[in-house]
Structure formats: C-alpha cells, structure tokens
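Per the working numbering, the sequence shown runs over residues 7 to 822. No residue lacks a Cβ here, since even glycine has one placed at the ideal position from N, Cα and C.
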Amino acid sequence: MKVSTEWLSDYISLDGVNIEELAEQITRSGIEIDSVENRNKGVSNVVVGYVKSKEKHPDADKLNVCIVDAGQDEELQIVCGAKNVAAGQKVPVALVGAKLPGGIEIKKAKLRGVPSQGMICSAKELGLNDKLLPKEQQEGILVLPEDAKIGTPIAGLLGLDDKVLDFDLTPNRSDCLSMLGAAYEVGAILGRDVKLPKPEKELIEFAQPAEERIAVKVEASELCSRYAVRYISGVKIGPSPLWMQNRLMAAGIRPISNVVDITNYVMLEYGQPLHAFDADKIAGGQIGVRQSREGEKLVTLDGQERELEPGALLIVDGDDKPAGLAGVMGGLDSEVTDRTVNIVLESAKFDGGAVRKTSRALGLRSEASQRFEKEVDPSAVIPALNRAAELMAKYAGGNVCKGIVEVVNREPQEQVITLSLGKLNDYLGTDISTLETKTILTRLGFASADLTENALEVRIPTRRGDITRDVDLIEEVARLYGYDNIPTTLIEGPTTAGGCTKPQALRRAIRSLLVHGGWQEVLGYSFIRAGAARKFPQLGGGGHEVKLAMPMSEDRSTLRSSLLPGMIDIAVYNRNRKQENLALFEIGGVFVTEEAKLTKQPDEVPALGLLLAGEREPKRWNAPAEQVDFFDLKGALESLFDYLGLGGRVSYAADRPQGFHPGRSASVYLQTEGGKRWIGSLGQVHPELQRELDLDDTYVAELLLKPIYEYAGEPAVYRELPRFPAMQRDIAVVVAADVEAGALIAEIRQTAGKLLEDVQVFDVFTGSKLGEGKKSVALSLVYRHKERTLTDEEVTAVHDRVVAGLAQTFAAELRK
7 MKVSTEWLSD YISLDGVNIE ELAEQITRSG IEIDSVENRN KGVSNVVVGY
57 VKSKEKHPDA DKLNVCIVDA GQDEELQIVC GAKNVAAGQK VPVALVGAKL
107 PGGIEIKKAK LRGVPSQGMI CSAKELGLND KLLPKEQQEG ILVLPEDAKI
157 GTPIAGLLGL DDKVLDFDLT PNRSDCLSML GAAYEVGAIL GRDVKLPKPE
207 KELIEFAQPA EERIAVKVEA SELCSRYAVR YISGVKIGPS PLWMQNRLMA
257 AGIRPISNVV DITNYVMLEY GQPLHAFDAD KIAGGQIGVR QSREGEKLVT
307 LDGQERELEP GALLIVDGDD KPAGLAGVMG GLDSEVTDRT VNIVLESAKF
357 DGGAVRKTSR ALGLRSEASQ RFEKEVDPSA VIPALNRAAE LMAKYAGGNV
407 CKGIVEVVNR EPQEQVITLS LGKLNDYLGT DISTLETKTI LTRLGFASAD
457 LTENALEVRI PTRRGDITRD VDLIEEVARL YGYDNIPTTL IEGPTTAGGC
507 TKPQALRRAI RSLLVHGGWQ EVLGYSFIRA GAARKFPQLG GGGHEVKLAM
557 PMSEDRSTLR SSLLPGMIDI AVYNRNRKQE NLALFEIGGV FVTEEAKLTK
607 QPDEVPALGL LLAGEREPKR WNAPAEQVDF FDLKGALESL FDYLGLGGRV
657 SYAADRPQGF HPGRSASVYL QTEGGKRWIG SLGQVHPELQ RELDLDDTYV
707 AELLLKPIYE YAGEPAVYRE LPRFPAMQRD IAVVVAADVE AGALIAEIRQ
757 TAGKLLEDVQ VFDVFTGSKL GEGKKSVALS LVYRHKERTL TDEEVTAVHD
807 RVVAGLAQTF AAELRK
C-alpha cells in the first residue's frame, strides 16, 4: 500500500514530523516501510505557462515557435517540437535556469536559428510515470487544466511536493490497505488525533427516493452480509480534479474519468471497494447478488470473456443476466462510458473466501479483490458509499437520489475482549501500569473500561478484524509501548525436553548408515512427467495419477507416485557428464489416490529409493575393474535391515516386478502379525529402458517406509563379544533347481534353533552330473553357545536334524 503523506495530512497533522524518521517509527512498531519515495525527482523553477500563439518554425517542419505567458516580466519565445502543442493551452514551462530530473539544466538556446527562452515539458521530462497518466496525456507535452493559475510552481500543482511511504503489509493488517487505516496507525504512533471525513454533512440529496429508480435482491445471503446502492442521475463524465489524479498516481493507479476515479479514490481512502454501473444498462431497474450456474460466461471490463465455475459470486441485473464478478471486476456490458448519464453506485461486504476462490479460479486479481480477500471493514460500507456519492455530486455534477437501497443480512459486531494486566506483564516481562495500558489502547482507538482491579474490558472496532484474542491485544500494547523498551528477562515456566519421533529417528538412522556406507543422498522433484511412474510397481496403491492444474512443463506435470523415475533421471544427468559410478539414495514422499477426479488431498506415502551403477572396484594394475551387480544392492538392503533390527523379519522372493529385469529382480517382504507383507522391489532396470536412456546396467530398489517404521527395533543394538568357541559344519545338498537358497536358510534356522549363530551360502553348482533340473547348494553353518563350550555330540545331533529337515521339506540329498 502506497501512502501519500500529503494525502495522509488530510486526516492527521504531520506538522514538525520528519517523514524519514516517521518511516523508521512505523517499521519499529510492526509495519515495515519498504521505501520512502520523493515524488519530486529534481524539478525546480518550472511554472504554469499559457501558450498565446503557435507558429511553424521557418526552417524546420517538425518544430513550432510558441509565445508563452509564464507569469514573468515579459512573454517568452519557446521552440517546441511536440505535436500536441496548441495555442490556448496551459502547460508546464521550464524557465531558463530550471533543473529537471536526470541533471538537465535549461539554458537560453537557438534552435535552427530561432532563440528559445525555456522549454515546454512533457510528463516524463518532469519525472512523472507517464504510464499512469490518461492515455491522451502519455505522448507529447503535458496539458494542464484550464483553471491552473499562470506562474504557479508546477511542483505544488502536480503534487510533487509529496513523499510516499510504501507499507509492506502482512496479510493480517488489511486495515492499513486504506488511507484512514494508515492514519489510525500513524496517529497511534505519534499520539495524534485522526480527523475523519464527514460525507453525510456534505452530501445533498435529490428529492426523488432512490428506491423508485433501483431495487436490490440478494440470493447468496451467506456470502454477502450487506449490499447497498445509491442512484445518481445527471452525471457528466469528464476528467477528475487534478488533485485527485495526483493522489491516485501517487498510489500507483491511473486516472480514467471522474466517476471511475472517485470509486478508486474512496476505495483507497476507506479500504472499501466500490463499483459504478451505468444505470441505463441495468435491465429491469434491479440489481442483485447470486452464485453462478453451470456454463455461465461474462465479459469483464478488460474485454476478456470468462467462463465461470459454478458457485462464483455474481452481480446480476433484473433479467438475471451477469453484470459483474462480485468483489473482483465489473462486466463490460454495464461499464461507465463517456455517454453515461445515470449511475448505480455499489458498496458491499462480500465473503473474502468466495472472492478469493473466484479470483484464483479465473487468474484475475484486482485492487478490489485484494481487499475483499483480506476481509474489509464491514462498518465502512455505508460511509464509503456516502463519500463517493458526495464526490460525484461535487465533481461529476450528479443528483444523488434520496436514501440508500440495501439488503442487510448481518450487522457488524464489535468484539469485546478481556485483557488481564497480569498476563500482559508476564508475557512481556514488563511492569506496564493500568494507566499506561489504557493510554495505549486509546491511541489505537480501542475503548476500554475497568473490569476488575487487574483486568480491562476492551472493545475492538470492526476495522481491526485481526484482533480476536487477548494475546493480540498484548501484541498491540507491546508494539506501541516500544519493542526497544521491553527488558531482557530470563524465560520462566516448565520446559519439555525435545526429542525425535520414531519415524524421525529411523530416517536419521537410515540416512546415517547409507551416507557412512558411501551412498550419496539426492533430492528429486516431487513432479514428474505423466505416465513415468506407471513403469514401476505402485508403492501405495491408488492407481490414479495426480495431475497438476498449472504445471511448469510437461516433464513436471504430475505428482510422483514412485521415487524411481526421478532417480533414474538423475542417473542419466550424471552419466551425460561422465559421472558413471553412482550410489544414490532418496528418502521422500510419493503421492497416491484412488480417485480419478480429486475431491480430497492425495495420500503422501514415505518411501526409500536406492540406485547403484558403475564399478564396485576401479581397474588396477593387478586386477580388472569390478562392476556392481544385483547382490551389491541386496547386500546394502540386508545391512540396512539388520541395522534396524529387521533382519529376521525380511525375506526376498524372485519376482518380475514391472520395470525390472525379468531375471535379476525380486520382491521384498516383511513378516508382520498378519503374515508376509510386500514392502518393495529391487533389481536391475529393464534392459529396454536402459537402452532407451543409454544407461549401462543400473540397479534400483524402492521400499515403503511406513511398515519399517512400525516394526523396526532400536537401531544398532549392541551385544557382548562371544567368550566361547564356535563350531563350523559345511554341507552341500542337491535340490530341485527352482528351490530358493533363502528357503533352505529359513528351514535351517527354524530346525537348528538357538545354537545356530550364522548360516551362509558359499557355492551353487549345476551340471549334468547332478541330473536334469537339479542344483547343488553348499552352506556353511556356525554353531555357538553363549554360556559354555559346545561338545561335538551336541553339534552333531543338531546338524543331523538340519539335514533331516532339509530332506523332508525339499527332498534334499547330501552331495556325495
């Protein structure tokens, strides 16, 4: 919000106030001032002049010789090249010795042999933002109003003797989206009274009642608490007064016409958006508010036809035809033009959420929607309407019909809050007295009364909708008391030791283990290209992609339902830059939904992804390079599960998951109370995808983390070193070729019981000697007792049970 201090001084005295120091005070009180802009960019000795005559330059087709009365002792001869200069105009004249922005100094000169005693200036040459001027004033010299007094310094006439404060407002301070709100804030800081406009005293009403000319109907009562209009007849459309144009331009708004400028001026003054309709274009003499229906369209003031979603808040005429988007922008069919004679002036309190939804759906933001979204002061609806009507009568020659036509669904209510002085001082660590507190509240414009000896009852004006609790009042007292005046005190009260949740602790443990094992963490995009995740198993089920409404690009158009597409893209990126040895992991969320069309937020499922590619060991003088393989990735997972206390619960099964190599992949299962549960897949990326992406053998794994969080024990459980010797027995059994080594190990563990410390496969052999469809699996078994030395007889008995169990379950035969 840009606040003109010249305008601000209408409501509060700024006598003796240094504007730069005021900006610092406002910032220290809680509203940051981004900048203090001096509207005078270096203009001096420029006055109002009157062009008495204009003649063509004798030696230049594009130059004119003008005789100008600038209120000096004699008339000036000025050579001017502007196309729009004409006799009878009032214009800004830079006298000899004048200075203009950019360090330009005006001197006597001869242009093609003709003396020139000054310069007739354009808006840009005066340092004005010509884009904010009316379109007809954007090119050529600046033409001033006819009532401008000859010889008057231009700085005062164009409002250049002004400084503009740029308020950087947080969303809760919508009250300062108005000059009056800024005046209340500055008044509270300076301790000065605020003088409000009194339009009801200045407004002269025409005899005819407004209700005879216009009727109001509100169907969307929940979304429009108050809708009020005035009827103004006989307006004459023209330019607004120069002082009003200056103030609008200082606020960054381009003047258009007197009627439109007045609605913008009052919006900036009160923070209450208004809209003027051409009354003769409102069918049926009725205006109303309702929600849009399926398939409705509206051409807005910017000339764009907009298709409306059902439920948007509309202004409609007597034929139920849309005339504007409530709180956002008016319709083109009912706009005020040069031929407008009668005005329906609207002021309303629309629901901020409804306006925000419409504005966002259409991608259409305006000064009005910005204010409605942040909830305008409901008590300003009528004062702002009267103020605009008063100004239209004064500057547009309108006749204001008697009375206001309105529908009131809810009257604004002031909040009453109890403020405990003990709590205030406890929170701030101060010793502020009751009198000091009441004085600060009075400066803020809050009425207060003693409720008890140590408590106040505070009445909050409706303009401060951000204050709803006693802690909000404590903040107000603190900022006006001065943050610098609050002493530094030790924190008191009970403290709670912080700590990680189990999922947080486990994520840290997983990250630590992998990083210390040589893996590198990556952070991929949450957005991937459509269909990319369908190439791999879906972790969370669902089956439907979550598409973005406004994607950055086709490659970032869908929420990821798998980590693997992003990790493979990272691998491709690195390979293209000659970085081929990769050990990457990512811990992140994937997004799943069972809805084809979303009605609720998709589920975010935590997942772990790993990617391995390149060389396990580089080439050396005495050994060739070794490439990573499936078992390197499986070994990393086994180490991870052992570290998390899940080694005995996790099993692997040869499988052909989607997107993986059909012979070098597996599914991962976790043993739970309800049986085995699939938690992910691992293996080599499918050869076709590798060829498509120009990748060498690449191995990936993706796991669900939620079941791991649930069943994991404490990471890194330590145990004492063994004190008694172990006994090792090796066996080689011949089994059917489709029997998995993991199944043999599981059977051995179950049969051997507690004496078995470890079992490992150390050889697998197939050949014609074993017979068709047979293989030999050699296993090493380690037995140990924690509290004594085992005897050979004990180990033999257990080992014989193991051999018998394998024979019974898998028809295994000891290899001879």
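Check each candidate in A672, E396, S19, T605 and name the one with the smallest Cα separation from A189. For A189, the closest of A672, E396, S19, T605 by C-alpha to C-alpha distance is S19.
Per DSSP, S41 forms a beta bridge with which residues? Per DSSP, the beta-bridge partners of S41 are D172.
Select from R755, G94, P571, K541 the residue whose C-alpha is nearest the C-alpha of R662. Among R755, G94, P571, K541, the Cα nearest to that of R662 belongs to K541.
Stretch-stretch touch, CB-based, cutoff 8 angstroms, three pairs: the segment 272 to 280 with the segment 368 to 378: Yes, the segment 272 to 280 touches the segment 368 to 378.
So, are the CB atoms of V57 and A93 less than 7 angstroms apart? It is a contact, given that the beta carbons lie within the stated cut-off.
Mind reading off the beta-carbon distance from Q123 to K114? Whole number of angstroms is fine, and I expect it under 8 angstroms. About 6 angstroms separates the two Cβ atoms, so the contact holds.
Neighbour-count burial assignment, L441, 16 or more Cβ in a 10 Å radius: By the 10 Å Cβ count, L441 comes out exposed.
Taking three-plus beta-carbon pairs below 8 angstroms as touching, is the segment 199 to 216 in contact with the segment 395 to 404? Result yes; three or more Cβ-Cβ pairs closer than 8 angstroms.
Going along the chain, which residues of its own chain have a beta-carbon closer than 7 angstroms to the beta-carbon of L304, five neighbours each way excluded? R312, L314, P328, L331, G337.
Inter-residue Cα distance where the pair is I73 and V102: Those two C-alpha atoms are separated by around 15 angstroms.
Please look up how many angstroms separate the CB atoms of I349 and I238, rounded, as I've assumed it's under 8 angstroms. Between I238 and I349 the Cβ distance is about 4 angstroms, and since that is below 8 angstroms, they are a contact.
Following the continuous beta strand (DSSP E) through R566, name the residue where it begins and the one where it ends. Here R566 belongs to no beta strand (DSSP E), and DSSP marks it neither H nor E.
Out of curiosity, what's the CA-to-CA distance linking S180 and V578? Taking the straight line joining both Cα atoms gives about 49 angstroms.
Run of the beta strand (DSSP E) containing M733, from where it starts to where it stops: Its beta strand (DSSP E) spans residues 733 to 742.
Compare the beta carbon distance of N44 and K169 with 7 angstroms and say whether it is the shorter of the two. Against a cut-off of 7 angstroms, the Cβ pair of K169 and N44 comes out as a contact.
Excluding sequence positions up to five away, which residues of its chain have a Cβ less than 7 angstroms from the Cβ of I466? For I466, same chain residues with a beta-carbon under 7 angstroms away, outside a window of 5 residues either side, are E420, Q421, I423, F452, I473 in chain order.
Check this for me: beta carbons of N405 and G244, under 7 angstroms apart or not? Not a contact, by the Cβ cut-off of 7 angstroms.
Local conformation of M556 per DSSP, three classes: Coil.
DSSP three-state label for L183, please. L183: coil per DSSP, three-state reduction.
Using a Cβ-Cβ cutoff of less than 7 angstroms, which residues in the same chain neighbour G748 once the five nearest sequence positions on both sides are dropped? Closer than 7 angstroms at the Cβ level, and outside the excluded window around G748, lie S657, Y658.
Helix, strand or coil: which one does DSSP assign to M7? Here M7 sits in coil by DSSP.
Would you kindly work out how many angstroms separate the C-alpha atoms of H791 and A619, rounded to a whole number? Our two residues, H791 and A619, have alpha carbons roughly 41 angstroms apart in a direct line.
Same chain only: Cβ atoms within 7 angstroms of F647, ignoring 5 sequence neighbours per side: These residues qualify, in order along the chain: G653, V656.
Between the C-alpha atoms of Q487 and S439, what's the straight-line distance to the nearest angstrom? The sequence given here has Tyr at residue 487, not Gln. It is roughly 11 angstroms from the alpha-carbon of Y487 to the alpha-carbon of S439.
Going straight from the alpha carbon of Y705 to that of Q690, what length do you get? Those two C-alpha atoms are separated by around 4 angstroms.
Mind listing, in chain order, the continuous beta strand (DSSP E) runs of no fewer than 3 residues lying wholly within the segment 378 to 462? Fully enclosed beta strand (DSSP E) runs of 3 or longer: 405 to 408, 411 to 414, 421 to 426, 453 to 458.
Closest by C-alpha distance to S128, when choosing among M573, F637, E145: Comparing Cα-Cα distances from S128 to each of M573, F637, E145, the minimum goes to E145.
Boundaries of the beta strand (DSSP E) in which S365 is found, first to last residue: No beta strand (DSSP E) contains S365, which is instead part of the alpha helix (DSSP H) from 358 to 368.
Below 8 angstroms CB to CB, which residues in the same chain sit around A742 once its five sequence neighbours on both sides are set aside? Counting only residues of its own chain and dropping the five nearest sequence neighbours on each side, A742 has a CB closer than 8 angstroms to the CB of G779, K780, K781, F816, A817.
Beta-carbon proximity of N392 to S231, cut-off 7 angstroms: No, Cβ-Cβ distance for N392 and S231 is not below 7 angstroms.
Sorted by chain position, which residues of the same chain lie with C-beta nearer than 7 angstroms to A289's C-beta, five sequence neighbours on each side aside? For A289, where only same-chain residues beyond five positions count, the Cβ hits under 7 angstroms are D323, G324, D325, K327.
As a quick exercise: from R236, Y715, H63, D67, pick the residue whose alpha carbon is nearest that of Q83. Out of R236, Y715, H63, D67, H63 has the C-alpha closest to the C-alpha of Q83.
Shortest alpha-carbon distance to G499 belongs to which of R475, D432, L479? Minimum Cα-Cα distance from G499 among the listed residues R475, D432, L479 corresponds to D432.
Identify, in the order they occur along the chain, each residue of the same chain with its Cβ nearer than 7 angstroms to the Cβ of A154, setting aside the five sequence neighbours on each side. So the qualifying residues of the chain are V54, K96, L163.
Is the segment 622 to 635 touching the segment 559 to 579, taking contact as three or more C-beta pairs under 8 angstroms? The segment 622 to 635 is not in contact with the segment 559 to 579.
Bounding residues of the beta strand (DSSP E) (the contiguous stretch that carries Q677): First-last of the beta strand (DSSP E) with Q677: 666 to 678.
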